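Protein sequences, first through last, are from chains A and B. Residue 481 in the working numbering sits at position 74 of the first sequence, and the numbers go up by one each step. Residue 31 in the working numbering sits at position 28 of the second sequence, and the numbers go up by one each step. C-beta: ideal position from N, C-alpha, C; glycine also. The structure presented is a predicted model; accordingly, all values stated were derived computationally and were not measured. Reviewing the structure listed below.
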Amino acid sequence: MMSKFMLPLVAFALLVGMFVVGLNLDPSRIPSPLLQHAAPEFAIPSLHDANVLVGSASYANQVALVNIWATWCPGCRQEHGFLLELAAEGTIPIFGLNWRDDRVEALRWLETLGDPYVASGYDVDGRVGIDWGAYGAPETFLIDSNGIVIHKHIAPLTREIWEHDFVPLIGANKAE
Amino acid sequence: MKLLTIGVGFFLLISTALAIDVGQSFDDPELQHRYEKIIAEVRCLKCQNQTIKDSNAFLASDLRREIRRMLEEGKTDEEIYDFLVARYGDFALYRPRTSGRTLILWVAPMIFLVFGAVVLLRIVRRRMALPIDDEPAEGA
């Protein structure tokens, strides 16, 4: 008699398990196919000076962050304070990719709020953003010293997320 | 007459709203056909339940522009889909391709169907073996 109840029970438990996993996934967080692959190489005009090219060469052979941001993005405003703290600590260079934005607005933002970036690229038509698989700012990529993407964070960065998701990876990378 | 004017005016208003893809069409109808087919297959990741054909999010228009450029460069449909999957993953395509990672999506319905058929067959077989004792009594 046992088996008569066991099968539906197991099926039900499986279904519940699938729902628990499935409903806890956030569909707006799409895993990046770039993970564990070489980061895109690019050279685009600097936000500060249209005649200067910046890009992947700006952080070559270093563990670095690439932060995709724009002035139209509220989440970017939210994480900006933390990026400034991080830059002040000097543990990691942050490259800013200003995505689909207005140069004047973006420069005013950096001037009034502070500039955490070692260099800022001005991706006015979103071409570089596409190479990074960007679909919603802010997005932050962790690149190792070999130019491999080792982590991607979508949504504003905070101290907790930084300590929890980024620091262990950076430690492991530097120890190698 | 007044009603007609309002009606026509309203129609003109909504028709501008319908024009999402404002880019130039290709001179070559073959290219235009391929372009329209591809943009109807690609998910707008900013607005996930729309294709980039239906969306006017800037990401959708950027992707349309890139697809247009690749078609002009003579890229094949496969190369264009590869470009998108390499950047945005299998999720970018409304009909994900059969690969190791997406195999389960394609095979699961088949497995469920076979499983259901087996269960059904077993139940029917068992019931057919039962003596027929539930027929209404004569004259009832």
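Residue i at chain B interface by Cβ criterion, 8 Å
{"i": "A/Tyr529", "result": "no"}
{"i": "A/Pro563", "result": "no"}
{"i": "A/Asp538", "result": "yes"}
{"i": "A/Ile475", "result": "no"}
{"i": "A/Gly482", "result": "no"}
{"i": "A/Pro545", "result": "no"}
{"i": "A/Arg507", "result": "yes"}
{"i": "A/Tyr542", "result": "yes"}
{"i": "A/Ile557", "result": "no"}
{"i": "A/Gly533", "result": "yes"}
Neighbour flag for residue i against chain A, beta carbons, 8 Å
{"i": "B/Phe61", "result": "yes"}
{"i": "B/Gln51", "result": "yes"}
{"i": "B/Val88", "result": "yes"}
{"i": "B/Phe115", "result": "no"}
{"i": "B/Gly26", "result": "no"}
{"i": "B/Tyr91", "result": "yes"}
{"i": "B/Leu48", "result": "yes"}
{"i": "B/Asp65", "result": "yes"}
{"i": "B/Val11", "result": "no"}
{"i": "B/Met73", "result": "no"}
{"i": "B/Ala69", "result": "Here residue 69 of chain B is Glu; the residue named in the question, Ala, does not match the sequence. True, the Cβ-Cβ gap to chain A drops below 8 Å."}
Cβ shell of residue i (< 8 Å), same chain only, five flanking positions each side left out
{"i": "A/Val470", "result": "Ile499, Leu549, Ile550, Asp551, Ser552, Ile577, Asn580 and Lys581"}
{"i": "B/Gln35", "result": "Ser28 and Phe29"}
{"i": "A/Ala418", "result": "none"}
{"i": "B/Glu39", "result": "Lys56"}
{"i": "B/Cys50", "result": "Ser58, Ala60 and Ala63"}
{"i": "A/Ile555", "result": "Gln443, His444, Ala445 and Ala446"}
{"i": "B/Cys47", "result": "Gln53, Thr54, Ile55, Asp57, Ser58, Ala60, Leu62, Ala63 and Leu66"}
{"i": "B/Val88", "result": "Ala95, Leu96 and Arg100"}
{"i": "A/Gly424", "result": "none"}
Where residue i falls: helix, strand or coil (DSSP)
{"i": "A/Ile555", "result": "strand"}
{"i": "A/His455", "result": "coil"}
{"i": "A/Ala526", "result": "strand"}
{"i": "B/Arg46", "result": "strand"}
{"i": "A/His571", "result": "helix"}
{"i": "B/Leu96", "result": "strand"}
{"i": "A/Thr498", "result": "coil"}
{"i": "A/Ala450", "result": "strand"}
{"i": "A/Ala467", "result": "coil"}
{"i": "A/Ala445", "result": "strand"}
{"i": "B/Thr8", "result": "helix"}
{"i": "B/Ala143", "result": "Because the pLDDT at B/Ala143 is just 49, under 50, the model does not fix this residue reliably, and the point stays unresolved."}
Residues near residue i by beta carbon distance below 7 Å, same chain, minus five either side
{"i": "A/Leu454", "result": "Asn505, Arg510, Ala513, Leu514, Ser527, Gly528 and Tyr529"}
{"i": "B/Ala43", "result": "Thr54 and Lys56"}
{"i": "A/Trp516", "result": "Thr478"}
{"i": "B/Arg98", "result": "Glu44"}
{"i": "B/Phe86", "result": "Met73"}
{"i": "B/Leu108", "result": "Pro99"}
Residue interval of the alpha helix (DSSP H) (run including residue i)
{"i": "B/Ala111", "result": "Leu106 to Ala132"}
{"i": "A/Glu546", "result": "Careful: A/Glu546 lies outside any alpha helix (DSSP H), inside the beta strand (DSSP E) at Glu546 to Ile550."}
{"i": "A/Trp516", "result": "Arg510 to Leu520"}
{"i": "A/Leu504", "result": "Segment Ile501 to Trp506 is the beta strand (DSSP E) holding A/Leu504; no alpha helix (DSSP H) there."}
{"i": "B/Leu66", "result": "Phe61 to Glu75"}
{"i": "B/Asp80", "result": "Asp80 to Tyr91"}
{"i": "A/Arg534", "result": "Arg534 to Asp538"}
Neighbourhood of residue i by C-beta, 6 Å cutoff - its chain only, sequence neighbours within 5 removed
{"i": "A/Leu460", "result": "Ala450"}
{"i": "A/Ser439", "result": "Gly540 and Lys559"}
Span of the beta strand (DSSP E) around residue i
{"i": "A/Leu460", "result": "Leu460 to Gly462"}
{"i": "A/Ala471", "result": "Ala471 to Trp476"}
For this session: Check whether the segment 513-530 of chain A touches the segment 67-81 of chain B, taking contact to mean three or more Cβ pairs, one atom from each stretch, closer than 8 Å.
Result: no
Exercise. Does the count of Cβ pairs from the segment 486-498 of chain A and the segment 528-543 of chain A closer than 8 Å reach three?
Worked result: no
Exercise. Contact between the segment 127-134 of chain B and the segment 467-483 of chain A: three or more CB pairs below 8 Å?
Worked result: no
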